[in-house]
Structures are given as structure tokens and as C-alpha cells.
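Peer 1: Below is one structure. I have some questions about it.
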Amino acid sequence: MTLEFFIGHINYWLFIVLMMTGFYIVVACGNLVKKVVGLNIFQVAVFMLYISISKVTGGTAPIFPIDRMGKIKADPEIVYSNPLPHVLILTAIVVGIATTSLALALIVRIREAYNTIEEDDILEIDARTARAENIIHGEAMGGRA
Amino acid sequence: MTETIVNFILFSMLVITAFAIVRQDRLFTVVMLASVFSLLTAMLFVALDAVDVAFTEAAVGAGISTVLMLGTIALTARGAKPASRPNTLPLLVVLVTGAGLVYGTLDMPNFGDPEAPSNVHLAPHYLTNSIEEIDVPNVVTSILASYRGFDTLGETAVVFAAGIGVLMILSGLRHRRREDEEEEEDA
């Protein structure tokens with residue numbers, strides 16, 4: 001592994017570290033709001049990966065300069081970064097906030113129904129309800145089930 | 146080289162913020178740290194030449210999403226229970242997935258390579274022809290609103306659907322809450 005390869009890829013690895021931190025929050029934390037925050041971190045790390053793919057060394061933002069007459073001037077000397085991933089990620093950010101807001105609304109609704117937003121407590125309440133229902137059904141069947 | 150150092154410093158701050166979010170149990174602090182995270186991300190996007198993306202991230206990630214999360218914790222709970230389960234299994238899953246992803250990057254082109262496949266096929270067409278075809282100085286704008294206008298229309302549809310979904314999930318919240326209170330008073 002040469003130094004050039006290392007410097008050329010360290011960015012991707014750093015984003016993977018960030019992505020895995022978000023993933024860890026989603027898997028290990030029981031609080032639902034914290035899970036959504038972790039999901040956001042994961043998402044942002046993916047965005048960074050795409051944006052870093054579009055980067056061109058020595059390039060600049062893909063906006064053309066305008067001369068004094070107000071005409072757009074294309075200077076072939078200037079190197080621009082790839083604008084296509086930027087557009088893709090712009091769309092992704094807006095869709096991301098839409099899904100986040102839907103998740104947060106669901107959390108508010110869950111808290112209303114279960115009176116808690118901890119995953120462990122919700123699973124325990126679900127198990128208890130299921131057990132109580134089983135007993136009721138069993139008695140309705142004549143106590144044999 | 147300067148760019149790499151700037152990226153590295155911003156990235157270190159991002160990782161510190163993310164680790165602080167992992168360890169923090171007070172939800173208000175978690176939300177504020179998430180907002181800080183978004184602002185740092187916006188700075189990193191500027192360093193990576195994506196000014197439009199940085200702008201959107203600062204407005205949406207650090208602005209709207211923070212407000213939504215603050216509203217949620219105001220309606221639900223202020224604190225999170227500290228993790229009771231052992232965290233060896235999540236750690237293992239995360240490390241294995243991370244190793245797989247690192248393996249996947251090994252044959253990717255170098256960072257900033259002008260000859261990378263993603264930079265030589267479609268992008269030059271937009272960069273050379275968009276002045277004649279669209280006549281907007283910002284190439285990102287001309288792709289977003291004109292070349293890929295239908296994508297943006299679809300995005301609007303998604304946001305509309307999400308808004309309707311939020312309204313339908315939350316509708317009657319205040320009404321139900323008042324009914325509950327009346328029941329409690331009766332009891």
C-alpha cells in the first residue's frame with residue numbers, strides 16, 4: 001500500500017467511520033429519538049461519500065463567472081467539480097428531511113399509545129398485552145387452549 | 146495538501162460530535178449536537194466545492210430538522226434511558242459492516258482524480274453545453290431545474306406525501322389528549 005493510495009482513499013475511510021458511528025447509534029441505543037439522530041448521521045455520511053466522489057483536485061464550485069456585460073463567460077482554463085452528484089444529494093437532503101419528519105411524527109404517536117419512547121419498554125408492553133390476550137382467548141375456548 | 150488537512154480537521158470534529166451523541170443521554174443535548182453536526186457537515190461540503198449542497202444542509206439539516214426534533218422531545222420525553230443491554234453484538238455488527246465497506250473502497254479511484262469514471266462521462270457534457278442550452282451560470286441549478294426537472298418534480302411529490310402523512314398521523318392529537326384528561330377527571 002503506497003502513500004499515494006493511502007492519501008487518495010483516507011477520505012472514504014473517514015466517512016465509513018462516521019457512517020458506522022451512525023449505524024451503531026441506530027442498533028445499540030433504545031431511545032427512538034436517538035435512533036432517528038443516528039439515522040441522520042448515517043445518511044449525512046453517505047452524502048459526504050457522494051460529494052467526495054464529485055471532487056476534482058484543483059477544481060472549484062461549478063458556477064461560471066459573469067463578465068461586466070452580464071454575459072456568462074466560459075473559461076476553459078478553470079477546472080470545475082462534477083455537478084451531477086451535487087444535484088443528486090440536494091434531492092436526497094430534502095427527501096431525508098421528509099422521512100425524518102415522518103419518523104418523528106410516528107414517535108409522537110407511539111409515545112401517545114405506549115407512554116414511553118424506549119424500545120425495550122415498548123417490546124415489554126407488547127409482550128404483556130399479547131400474553132393477556134392469549135389467556136382471554138384460551139378461556140373463551142373453554143380453558144383447554 | 147491544504148485541502149486534505151482542512152478536510153481532516155473538519156472530519157475529526159465531526160467524529161468527536163458523533164461520539165458525544167453516542168454517549169449522551171439527555172435528549173436536548175443530543176438534538177443540539179445533531180445541529181452542530183449538520184453545521185460542520187455544511188462546512189465540509191464547502192471545502193469539497195459543493196456550495197449548493199452546503200447551503201441546503203445548513204438550512205434543512207441544522208435548521209428545520211433541529212426545530213422538528215425539539216418539537217418532538219417537547220411532546221415526548223426529555224431523557225433517554227442509559228443502555229441496559231450489552232453492546233458487544235452491535236459493536237461486532239458495526240465493525241464487520243465497516244470492514245466490508247472499506248474492502249469495497251479499495252478499487253475506487255483516488256480522491257479528486259480528474260480521470261475517475263464518474264467525472265469523465267456525463268459531467269463534461271453539462272459543463273460545456275449548459276451555457277448555450279440553459280444560459281444559467283450555476284450548473285447545479287441548470288441540471289436541477291431543467292435537465293433533471295422531472296426528478297425535482299418527483300422530489301416535490303415525496304415531500305407532499307410526507308407532509309400529508311405527518312398530518313394524518315398527528316391529526317386529533319390534541320382532541321384525544323383532552324378526552325383522556327376528561328376521563329381522568331371523571332374517574
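Protein sequences appear in the order of chains A and B. Anchor point for the first sequence: position 136 equals 136 in this note's numbering, and the numbering is continuous, going up by one each time. Anchor point for the second sequence: position 157 equals 302 in this note's numbering, and the numbering is continuous, going up by one each time. Ideal Cβ placement from N, Cα and C applies to all residues, glycine included. Note that the coordinates shown come from a computational prediction; the quantities given were computed from them, not determined experimentally.
1. What residues in the region 104–115 of chain A bring their beta carbon closer than 8 Å to a beta carbon of chain B?
2. Is it true that the region 247–254 of chain B meets the region 6–14 of chain A, where meeting means three or more beta-carbon pairs spaced less than 8 Å apart?
3. Which first and last residues belong to the alpha helix (DSSP H) in which R128 of chain A is found?
4. Which word fits D197 of chain B, buried or exposed, when buried means at least 16 other C-beta atoms lie within 10 angstroms of its C-beta?
5. Given this structure, state the Cα-to-Cα distance separating I209 of chain B from L104 of chain A, to the nearest angstrom.
6. Sorted by chain position, which residues of the same chain lie with C-beta nearer than 8 Å to I89 of chain A's C-beta, five sequence neighbours on each side aside?
7. Could you tell me whether the Cβ atoms of T242 of chain B and F23 of chain A are closer together than 9 Å?
8. For G96 of chain A, collect the residues of the same chain with a Cβ closer than 6 Å to its Cβ; drop the 5 residues on either side in sequence, then sort them by chain order.
9. Kindly list, in the order they appear in chain B, the residues whose Cβ is closer than 7 Å to that of E118 of chain A.
10. Should A127 of chain A be flagged as near chain B, meaning a C-beta pair shorter than 9 Å?
11. Taking the continuous alpha helix (DSSP H) assigned at N283 of chain B, which residues delimit it?
12. Cα-Cα, which of A:N40, A:W13, A:I16 is closest to V26 of chain A?
13. Where does D194 of chain B land, buried or exposed, given buried means 16+ other C-beta within 10 angstroms?
14. Within 9 Å of any Cβ in chain A, is that where the Cβ of F295 of chain B sits?
15. Can a CB atom of chain A be found closer than 9 Å to the CB of I150 of chain B?
16. Whole angstroms are fine: how far does the CA of T147 of chain B sit from the CA of N283 of chain B?
17. If you check the beta carbons only, do V205 of chain B and I66 of chain A fall under 9 Å apart?
18. Hey, A290 of chain B and T297 of chain B: beta-carbon distance below 9 Å or not?
19. Can at least three beta-carbon pairs, one atom from the region 159–169 of chain B and one from the region 54–66 of chain A, be found at a separation below 8 Å?
20. Would you identify the three-state DSSP class for G294 of chain B, choosing helix, strand or coil?
21. Taking the straight line between their C-alpha atoms, what separation do you get for D258 of chain B and V265 of chain B?
22. Which one or two residues does DSSP pair with R171 of chain B in a beta bridge?
23. Do the CB positions of I218 of chain B and F173 of chain B come within less than 9 Å of each other?
24. Grouping DSSP H, G and I as helix and E and B as strand, with all else coil, what is I63 of chain A?
Peer 2: A quick look at the data gives this:
1. L104, A105, L106, I107, V108, R109, R111, E112
2. yes
3. 119–140
4. buried
5. 13 Å
6. F47, Y50, I51
7. Pairing T242 of chain B with F23 of chain A gives a Cβ-Cβ distance under 9 Å.
8. Q43
9. K226
10. Not a single C-beta of chain B is nearer than 9 Å to the C-beta of A127 of chain A.
11. Note, N283 of chain B: premise wrong, no alpha helix (DSSP H); not H, not E.
12. Taking each of A:N40, A:W13, A:I16 in turn and checking the Cα distance to V26 of chain A, the smallest one comes out for A:N40.
13. buried
14. no
15. no
16. 26 Å
17. no
18. yes
19. Touching, no, given that fewer than three Cβ pairs across the two stretches are closer than 8 Å.
20. helix
21. 10 Å
22. B:G224
23. Yes. Within cutoff.
24. strand
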